[in-house]
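Participant: Chains as they are written, first to last, in my numbering: chain A, 2 to 362; chain B, 2 to 362; chain C, 2 to 362; chain D, 2 to 362.
Protein chains: 4
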Amino acid sequence: MSSTYGHSLRLSIFGQSHANAIGMTLDGLPAGLAVDEQELARFLARRAPGQNEFSTTRKEPDAPEFLCGLVNGRTCGAPLTAVIRNTNTRPGDYAALRALPRPGHADYTAEVKYHGFQDPTGGGHFSGRLTAPLCIAGGVCLQILERMGVRVFARIASIADIADDAPFTAPVSEKPFPVISDAAGEKMQAAIRAAKAEGDSVGGTVECVVTGLPVGLGDGMFDGMESRLAHILFGIPAVKGLEFGDGFASSRLRGSENNDAFCVQDGRVATRTNHCGGILGGITNGMPLRLRAAFKPTPSIAKAQESVNLTAMQPEALNIHGRHDPCIVPRAVPCVEAAAAIAILDSMLEFYGTEYFYGIE
Amino acid sequence: MSSTYGHSLRLSIFGQSHANAIGMTLDGLPAGLAVDEQELARFLARRAPGQNEFSTTRKEPDAPEFLCGLVNGRTCGAPLTAVIRNTNTRPGDYAALRALPRPGHADYTAEVKYHGFQDPTGGGHFSGRLTAPLCIAGGVCLQILERMGVRVFARIASIADIADDAPFTAPVSEKPFPVISDAAGEKMQAAIRAAKAEGDSVGGTVECVVTGLPVGLGDGMFDGMESRLAHILFGIPAVKGLEFGDGFASSRLRGSENNDAFCVQDGRVATRTNHCGGILGGITNGMPLRLRAAFKPTPSIAKAQESVNLTAMQPEALNIHGRHDPCIVPRAVPCVEAAAAIAILDSMLEFYGTEYFYGIE
Amino acid sequence: MSSTYGHSLRLSIFGQSHANAIGMTLDGLPAGLAVDEQELARFLARRAPGQNEFSTTRKEPDAPEFLCGLVNGRTCGAPLTAVIRNTNTRPGDYAALRALPRPGHADYTAEVKYHGFQDPTGGGHFSGRLTAPLCIAGGVCLQILERMGVRVFARIASIADIADDAPFTAPVSEKPFPVISDAAGEKMQAAIRAAKAEGDSVGGTVECVVTGLPVGLGDGMFDGMESRLAHILFGIPAVKGLEFGDGFASSRLRGSENNDAFCVQDGRVATRTNHCGGILGGITNGMPLRLRAAFKPTPSIAKAQESVNLTAMQPEALNIHGRHDPCIVPRAVPCVEAAAAIAILDSMLEFYGTEYFYGIE
Amino acid sequence: MSSTYGHSLRLSIFGQSHANAIGMTLDGLPAGLAVDEQELARFLARRAPGQNEFSTTRKEPDAPEFLCGLVNGRTCGAPLTAVIRNTNTRPGDYAALRALPRPGHADYTAEVKYHGFQDPTGGGHFSGRLTAPLCIAGGVCLQILERMGVRVFARIASIADIADDAPFTAPVSEKPFPVISDAAGEKMQAAIRAAKAEGDSVGGTVECVVTGLPVGLGDGMFDGMESRLAHILFGIPAVKGLEFGDGFASSRLRGSENNDAFCVQDGRVATRTNHCGGILGGITNGMPLRLRAAFKPTPSIAKAQESVNLTAMQPEALNIHGRHDPCIVPRAVPCVEAAAAIAILDSMLEFYGTEYFYGIE
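#1: By Cβ distance, which residues of its chain are closer than 7 Å to ILE193(B), with the 5 residues on each side in sequence left out?
#2: Excluding five sequence neighbours on each side, which residues of the same chain lie with their C-beta closer than 7 Å to the C-beta of GLY248(C)?
#3: On the three-state DSSP scale, how would you describe GLY186(A)?
#4: What span of residues does the beta strand (DSSP E) with ALA294(C) cover, start to end?
#5: How big is the Cα-Cα spacing for ASP261(B) and GLY278(B)?
#6: Which runs of the beta strand (DSSP E), 3 residues or longer, sit entirely within the region 7-59 of chain A?
#7: Taking DSSP as the reference, what is the three-state secondary structure of THR122(D)?
#8: Find out if the Cβ-Cβ distance for the pair ARG86(A), ALA138(A) is shorter than 8 Å.
#9: Please determine, among GLU227(C), ARG332(C), LEU311(C), the residue with the shortest C-alpha to C-alpha distance to GLN266(D).
#10: Residues bridged to GLY205(A) by DSSP?
#11: Quick one: what's got a C-beta closer than 8 Å to ARG75(A)'s C-beta in the same chain, skipping five residues either side?
#12: Using a Cβ cut-off of 9 Å, pull out every chain D residue sitting near PRO238(B), in sequence order please.
#13: Give me, in chain order, the residues of the same chain whose beta-carbon lies closer than 8 Å to that of ALA185(C); leave out the 5 immediate sequence neighbours on both sides.
#14: Leaving out five residues before and five after LEU230(A) in sequence, what residues of the same chain have Cβ atoms less than 7 Å from its Cβ?
#15: Taking only beta-carbon positions, decide if SER159(C) is within less than 8 Å of chain D.
#16: Look up ALA318(B) in the DSSP assignment and say whether it is helix, strand or coil.
#17: Which partner residues does LEU71(D) have in the DSSP bridge list?
#18: Of all the CB atoms in chain A, is at least one closer than 8 Å to the CB of PRO102(B)?
#19: Give the straight-line distance between the Cα atoms of SER9(C) and PRO300(B), rounded to the nearest whole angstrom.
#20: Going by beta-carbon coordinates alone, are LYS114(D) and PHE245(C) separated by less than 8 Å?
#21: Using a Cβ-Cβ cut-off of less than 7 Å, list which residues of the region 130-153 of chain D approach chain C; keep chain order.
#22: Hey, quick one: how far does the alpha helix (DSSP H) through LYS241(C) stretch, first residue to last?
#23: Report back the beta-carbon spacing between LEU101(D) and SER348(D) to the nearest angstrom; my notes put them in contact at under 8 Å.
#24: State buried or exposed for GLY225(B), treating a residue as buried only when at least 16 other CB atoms are found within 10 Å of its CB.
#25: Nearest CA to the CA of ARG43(D): which residue from PHE118(D), GLY205(D), SER174(D), ILE181(D)?
#26: What number of angstroms, rounded off, separates the C-alpha of ASP28(B) from the C-alpha of THR355(D)?
#27: What does DSSP give as the partner residues of CYS264(B) in its beta bridges?
#28: Could you give the first and the last residue of the continuous alpha helix (DSSP H) run that contains ASN259(B)?
#29: Taking the alpha carbon of PRO80(C) as the reference point, which residue from ALA196(A), PRO80(A), THR5(A), LEU98(A) has its own alpha carbon closest?
#30: Should the region 204-213 of chain B be regarded as contacting the region 204-219 of chain A, the criterion being three or more beta carbon pairs within less than 8 Å?
#31: Just reading off the beta strand (DSSP E) that ILE137(B) is part of, what are its end residues?
#32: Taking Cβ positions, are VAL330(D) and ILE181(D) nearer each other than 8 Å?
#33: Should CYS264(B) and PRO104(A) be called a contact, given that it needs their Cβ atoms to be closer than 8 Å?
#34: Between HIS8(D) and chain A, is any beta-carbon pair separated by less than 8 Å?
#35: Is the separation between the beta-carbon of THR110(B) and that of GLY268(A) shorter than 8 Å?
#36: Does THR170(B) pass the burial test, meaning 16 or more other C-beta atoms within 10 Å, or should it be called exposed?
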């Protein structure tokens, strides 16, 4: 496993769905930065299960405990570690879980990779629950970035085949279903309900925008902003696609349409359009950074599925019981913000150095 | 700049378009692995300019010289370094190049990031020419993987809005225009010609498939195969989107459609479909790994464009002279193979350890 | 802070002396490896305070809780995290602690580096207490290595100016004062008592030997075994010197004396002497790896010392109260074993790959 | 092989003694920093062979060619690569070289590690010749540090059992035999001559001092200055010991003797003594950083030695022909400066960030 990320800011995520705890360590944060635990709790609540009809009804407190790294609510230069205790740990019937892998999950690949020694309960380390520590780390980074004038905000851009095509320029995080066009949002929710009613699930896309970035972040060829962001974003379970700016749509444009003309705005260089998503040559150009992540539909569905009994090496039907999110996209919105914030703060630390941050707040 | 990539296999790419040389170092290759320079030359030829009507007519020999790391045509355990001399180095008119940034290029971001000290000639380190050393590194990795039964092959999947929808199961590299459906290929070439005739350019997508992988490659959460591949693939200039398996299309499917049912084939576990692109939980599942990269249209176009004179901070029209590829996608095909091969060999080195490789050939 | 170490095996250490907890995450352990918590407890007991008259009387349970990474007592492929709760956390008088830095401690450098935001209580993240999580990580690695036939064992080689010159070929860990010559050990203990009686402290050296290593571990130039071991060993507080084989003494020998002649032993290549400490060109040669670390005397002493009041920028006498180890060397012995074991297991993972480890037990 | 080093500044060293070339890439240097090639040539001359009676008479031009990374004599933000062509490459009698390993060299360990595929000619990648690219990289870093007010300078502290005990406060680099006490230097040279006359060799120690460092460099626990410096310094062939400040001598002192009392000097906090070598808790304290490296005697000696014929697995006498340095310590002095400079500039880049460096000159 390599559940670590970052250069100057090093994130380590640990835990399994039903282990004693899950958590994270952020190593490399400058000292003196305030961490507002209330604000963090509000951020984490956006990812938490049991918020609405589309997420699992299992409700957990999920309040992180900071084990170290804080003194009087501020970072102290030492690694910042927070954990969330798992209240419903259960040993479960290991053998059964391991014998019949769920399609679309890591069950089979983990069984082979770890030679049967993996933790199969609740998805183990592959569980979507591991996005909780990602959101703790990201939530802390978001607070720091905010004070530097950098805002990171995401929204649901599509669910199934329903897209919200409205331009995305300001946060919609306060909405329970974070879309811009509420009409589109209604249709999306209807699509989720329809899938749920049939014991099925749907996927969607999340768009994320970052404003207030300096010109010059990102290092090429392999540490450009796209590479850095992609590396962490593909670490979110269920992400299967990623694009920056117009991305795949760019590949269908002419150069004359896709190039962003330079202009002068308020005495500074800007671009008239932003097809490139604020990144040229891997380096931020001062325009909003814009990316879109594609989430596959929740693999846990009520419908019967074909699997293989690994012990008998025979086909066997699989029926997944329990309640699962018919669509994880609404809860994925803060996860995308978190991952983006971590990658960006890491880049800013390399750009400005740790000394610089003592001027923040 | 961070032009280094990899864990167990560390790639370092260096050079600027008009510096004395460009090149690469691969550190971490086990000893005793044969490097066939003829085969490598054939691979590099696929990326080289001047191959057909769609690429720049500047023809360069581009034969790499191996400075070290080889003894009698085999790796010797020491870093492998190869360089390509730049024959047409030219100092050029720096000031002019820097004052008027080309839309869609790294000119402006580099100017700000490097405070005017960057190498602006021919795009400097941001030039597509830097994919030549990427292809040297990747070409070496491809040869090693091939002997381990792992094949990496890519093709043009679309140009502008013309897609080649044929399933991709075997290499088409021998074709001058590497598509599956020649009919689609004809339309694509017509689209490129049309753009070129209007002083414009087009983009497209490249699909890459990797067969013969063991089950179990990739480490989660942040070193899953998607993260590892994305990190290096977004290092190829002009890549703005990436998806694995059905990627963005997955986000529009139901779970029951997108989940790949398990079955037994030839006594081994397989999946009936491959929507996931051979990766579950970041780990290879033994099915073909499948990805698709989106390339934006070549930003260098003959049409007049709006720019800003950075000295005067005034709008100024820009006319780019010289010949440029109206579409870089055909030449990008081997670059995608190269990048994928490097990421995969790096993963295999961690998986098997260096000792294992002494059994290879 | 960068409290992370390792390539294939990544260690992250977190915590401050008086934070809620201290702990560690080991990411990259293959799955299926047994962790014997009883054996680990015995190992940790060797480092724990309050064992004898030379260590602080503060007795803590210091039993680690494994939060995740284990299933039924075996590693599961997910990161392994363990924490030790701090039972005597106390906010303390921050201002006073920070104003008057203790000579020989990190108080002053941390005050400047972290701009006053560091955790000053009990040394914060710089406390020797942070060697407890190092020993958890190292204790786990030692168990795994043992099963691979690799033994790591250390002993007190000198205290103050009293050396134990006996050759070190077998563990003496079961001794309460781990020396080979008990006569020398008696003199050492007398030296510690004498220093303690005068409100002073003494230092010493620890020798560590690793047997059973394969030929070929270590990667040059910068990941040779000396570099890898030195990187982690200098992370143990109070280590100010390190030598491999004869080290500094080698610098006074002739080449003809220092070169280790090759010979054949039991059908394998060996060396008649082992001045090089089992490492040639950064690579293990199959002979016992041998290193020696120099520990400075405990900086916390009862005697009055000169300091500077940082608020007033005036000289001020400092009197340190409380009980401190008059010599930390006895408790440092398992820390050196732990650090060495981590570096060696990391190297073996790169050498053999993770797959190889499934054959272990 | 892992011939890479560094975090924000990444050094990659490549080449073998008799390959086409040796060289280095430094990735991560900010743009706009002047590289004075004349000054660099003077620095490299101090390491070059053939300077005096103690070094091999083989005289090579060894002028580095910068392949890229410079524009008009200044760094341009792209990786900086320089190579030195090997003029006397020769294939040699591989089999003979490999069959009879030289004691004290990497011949045997490389033979086993690389399964016979290593480059055995002239020591291959393990040759002391690889310190030439280290000195190119270090020489560039030294120039940058100098302009920031940071000076790195080393001297011979001992040869065989003759020590130069004079305090080391100012550079003696201009001396052909860089010692402080010329009387001690005469005795050292006599010791080298005596060893040479007997077909033997001697070792010694090099002391290095760094002045002008800010308070606060270094990150703990594992990226403290000792760890960072040790990691690269043990990469210099023949280094077998390293100590900071009083190092091993500290282990024989009382705490009251070894602690450095704080005082106020010129309105700033200083220490009355500097036993700690300018590092407390892994972090620089503003006093001169001081370290000492132990070099073993040159393993290549004229005297007959015992080896083992690896083909026959029989003892066989070895006679090494050709001329070798009877003592490499004089030429090692700039290598220690180079390695230290690289580690320090890397730390400063993390501390200050790349943006900061645009104020330098």
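For every residue, glycine included, the Cβ atom is placed at its ideal position computed from N, Cα and C.
The model shown is predicted, which means the values in this text are computed figures rather than measured ones.
Facilitator: From the atom records:
#1: PHE55, ILE160, VAL203, PRO327, CYS328
#2: The residues are ARG293.
#3: helix
#4: 290-296
#5: 10 Å
#6: Counting only runs of 3+ residues, the beta strand (DSSP E) found wholly inside the region 7-59 of chain A occupies 11-16, 22-28, in chain order.
#7: helix
#8: no
#9: LEU311(C)
#10: ILE160(A), PHE296(A)
#11: ALA32, GLY33, LEU34, ALA35, VAL36
#12: Under the 9 Å cutoff, chain D gives no residues; its nearest Cβ is about 14 Å from PRO238(B).
#13: Closer than 8 Å at the Cβ level, and outside the excluded window around ALA185(C), lie ILE163, ALA164, ASP165, ASP166, ALA167.
#14: LEU292, ALA341, ALA344
#15: yes
#16: strand
#17: THR76(D)
#18: Chain A, which has a Cβ nearer than 8 Å to the Cβ of PRO102(B), makes this yes.
#19: 40 Å
#20: no
#21: LEU131
#22: Segment 240-245 is the beta strand (DSSP E) holding LYS241(C); no alpha helix (DSSP H) there.
#23: That pair is no contact at about 43 Å.
#24: buried
#25: With distances taken between Cα atoms, ARG43(D) lies closest to SER174(D).
#26: 26 Å
#27: ALA271(B)
#28: 256-259
#29: Answer by Cα proximity: THR5(A).
#30: no
#31: Per DSSP, ILE137(B) belongs to no beta strand (DSSP E); it is in the alpha helix (DSSP H), 132-148.
#32: no
#33: no
#34: yes
#35: no
#36: With fewer than 16 Cβ atoms within 10 Å of its Cβ, THR170(B) is classed as exposed.
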